[in-house]
């Protein structure tokens, strides 16, 4: 039994070491492809990618991680950036209060929290703007053309009224 555990431990250690070397060589190749004639930039990219790779190994939101990996499969620095941006937007969307605008944003971008946040902010701004406008005929026409899209209502209103 002891011999079996020893062999299993050696195999596990070997596979972890080879996996680590595989990631390192993959990242080195990535850096060489980015800057084929600049060794200093290759080193810079390598360090940045390794750091981002380690960061991505520690993330806790698997849903957001999938978004980041899907967007930038081979670029760990961009995965890290995307993960942080998506995670922040996801947390933001948990706090928003306008249900109608939130539903619109979710319908438009069900798998992208960053775009949900952007859309929510644009739509809410447009909704508040449309509450304050005074040209009733331009307002009515804008609402008719885009009954569910406050951002487009604002755009249409501004085109008609000014």
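In this note's numbering, the protein residues as written are 1328 to 1489. Positions of the beta carbon are idealized from the N, C-alpha and C atoms, including for glycine.
Short Cβ contact (8 Å threshold) for residue i with residue j
i	j	result
residue 1420	residue 1444	yes
residue 1394	residue 1413	yes
residue 1372	residue 1380	no
residue 1487	residue 1468	yes
residue 1456	residue 1481	yes
residue 1440	residue 1407	no
residue 1417	residue 1391	yes
residue 1436	residue 1442	yes
Selection from the options that minimises the alpha carbon distance to residue i
i	options	result
residue 1478	1446, 1464, 1487 and 1462	1446
residue 1462	1473, 1485, 1442 and 1474	1485
residue 1386	1425, 1410 and 1473	1410
residue 1450	1471, 1466 and 1427	1427
Cβ neighbour criterion (16 or more within 10 Å) applied to residue i
i	result
residue 1493	Residue coverage of the chain in this structure runs from 1328 to 1489, which leaves residue 1493 outside it and unanswerable.
residue 1483	buried
residue 1489	exposed
residue 1365	exposed
residue 1476	buried
Hey, which unbroken runs of the alpha helix (DSSP H) at 4 residues or more fall wholly within the stretch 1392-1466? 1403-1422, 1426-1435 and 1440-1459, all fully within the stretch 1392-1466.
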